[in-house]
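Participant: Numbering (our numbering), first residue to last: 48 to 519.
Think of the CB as a built atom: it goes at the ideal place given N, C-alpha and C, for glycine as much as any other residue.
None of these values were measured; they are calculated from a predicted model.
Pasting a structure here, questions to come.
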């Protein structure tokens, strides 16, 4: 896929490949499955609009209706990401016995193995340095690259038993990682190490049980020690289904994990983007409740985060010394009348602790009014015609940093705007047609629509096309 974009230096090119496989013996005693996936993403970086171009955009200057005429902060800058992943899972059944009521001591005893291997390479490229990003002693082409590799071997034993009311799996994993650079990029940075490397072993269990109309899914894993991979992950989900009337779900999460490696070690030709940190684990606790019914779908999540890690206004990583407490309430409901429907989703968010570093819009709403029917004799064509209204309240959204390809804190601008998209969708057997108008009301009000500070959201845009599925 390749998209040029309407603004300068906005080209995005993406390639993906994925293949899967599955095999099992005739009686299902041995099973193996897996997948291989690769992707590469090339993204030109503009750095957003210059102050003069930003004023021309907001003032709706007719001389700049062609967005390619607006100046941007960067012209010869891009980042490139290349990644691959291999996953393989196999299991062998040692004991087999049917026991749908879970009355036998042990049945369906299986041993298994899971292999995961992933590699990523990220490179920041620039034809010549610019003061927009920072100071540097380099004068030529910049190509700062970092690589990350992760390898995991897991072995497990799985069985059914009346004592656990379902299926129980015990597992143990051995993990290796390597993250870093081929050399010291900036000799004046004071960086002492090129790579972060290590290994760890983890132990855990998965439990699936059913008691009458209750379903329990739980997983836990502990990686002991004080190394970078050390931590815990405990997740439990309990659901209750009342026939076809409603579903109730409750969940709890206790997680402790290291910050991403780019918070711990980063090198750059630019002086202000070099650091070595020894941050503590990010500890997250989440409690969630959800109800699904024909009258209403709703969910409530309360999250507490210790050692929340972020990039500050100076573009450097920091850990918040206090707790971040975050409440999210989401509700949705569709109303139908004959061939018309109104689908509504609303989400309320509140950060009672840590709002200085954890920013989210307080209210988000999405409402779609549409008409649906079959057209022509014999009903060969299904159509949907409608409009979607989106809105989120203004908040100090994080700024995008083109060198890090991350978002950083900023306190100078607020973003929040409504948008309306109009659509026509049709399906004829295996062919789908679509016609869409994005941001249809962009010319009706102020030019205050931004994806991030200095990065305008799309203007009034018409898109159309078709999707033809050869095989179903």
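Does residue 118 come out as helix, strand or coil in the three-state DSSP assignment?
Facilitator: Coil at residue 118, not helix or strand.
Participant: In chain order, what are the residue ranges of uninterrupted beta strand (DSSP E) at least 3 long that sit wholly in the stretch 296 to 353?
Facilitator: Whole beta strand (DSSP E) segments, 3+ residues: 329 to 340, 344 to 353.
Participant: Tell me where the beta strand (DSSP E) around residue 102 begins and ends.
Facilitator: Per DSSP, residue 102 belongs to no beta strand (DSSP E); it is in the alpha helix (DSSP H), 98 to 105.
Participant: How about residue 357 and residue 373: do their beta carbons lie closer than 9 Å?
Facilitator: The answer is no: Cβ separation not under 9 Å.
Participant: Who does residue 218 pair with in a DSSP beta bridge?
Facilitator: Answer is 203, 251.
Participant: Pick from 58, 135, 99, 77: whose alpha carbon is nearest that of residue 83?
Facilitator: Per the Cα distances, 135.
Participant: For residue 87 and residue 197, what's the separation of their Cα atoms in angstroms?
Facilitator: When rounded, the distance between both Cα atoms is 18 Å.
Participant: Pick helix, strand or coil for residue 495, following the three-state DSSP scheme.
Facilitator: Coil at residue 495, not helix or strand.
Participant: If you run the structure through DSSP and keep just helix, strand and coil, what is residue 465?
Facilitator: Here residue 465 sits in strand by DSSP.
Participant: Could you say if the stretch 405 to 416 and the stretch 432 to 441 meet the contact criterion of at least three C-beta pairs nearer than 8 Å?
Facilitator: With a cut-off of 8 Å, the stretch 432 to 441 and the stretch 405 to 416 count as touching, because enough Cβ pairs lie within range.
Participant: Let me know the alpha helix (DSSP H) ranges lying completely inside the stretch 361 to 423, each 4 residues or longer, listed in chain order.
Facilitator: List check, alpha helix (DSSP H) in window: nothing returned.
Participant: What number of angstroms, rounded off, separates the C-alpha of residue 286 from the C-alpha of residue 195?
Facilitator: Cα to Cα, the separation comes out at about 38 Å.
Participant: In the structure shown, what three-state DSSP assignment does residue 148 receive?
Facilitator: Low local confidence applies: a pLDDT of 49 at residue 148 is under 50, so the model's placement there is unreliable, and no value is given.
Participant: When burial is assigned at 16 or more other CB atoms within 10 Å of the CB, is residue 142 buried or exposed?
Facilitator: By the neighbour-count rule (16 or more Cβ atoms within 10 Å), residue 142 is not buried but exposed.
Participant: Which residues does DSSP list as the beta-bridge partners of residue 161?
Facilitator: Paired residue(s): 136, 201.
Participant: My understanding is that residue 468 touches residue 483, with C-beta atoms under 8 Å, so please give their C-beta distance in whole angstroms.
Facilitator: About 7 Å separates the two Cβ atoms, so the contact holds.
Participant: Beta carbon of residue 171, beta carbon of residue 214: below 9 Å?
Facilitator: Cβ distance not < 9 Å, so residue 171 and residue 214 don't count as in contact.
Participant: Can you list, in chain order, the residues of its chain with a C-beta nearer than 6 Å to that of residue 205? Leave out the 5 residues immediately preceding and following it.
Facilitator: If we look at residue 205 and ignore the five residues flanking it on each side, its Cβ neighbours are 157, 216.
Participant: To which residues of the same chain is residue 147 closer than 8 Å at the C-beta, ignoring the five residues directly before and after it?
Facilitator: Its pLDDT being 49, under 50, residue 147 is placed unreliably by the model, and the measurement read from it follows with that caveat. Same-chain partners within the cutoff: there are none.
Participant: Please go through the same chain and pick out, in chain order, the residues whose beta-carbon is closer than 7 Å to the beta-carbon of residue 513, but skip the five residues on each side of it.
Facilitator: 478, 479, 480.
Participant: With a CB to CB cut of under 6 Å and the five nearest residues on each side skipped, what residues in its chain are close to residue 431?
Facilitator: Result list for residue 431: 417, 419, 472, in chain order.
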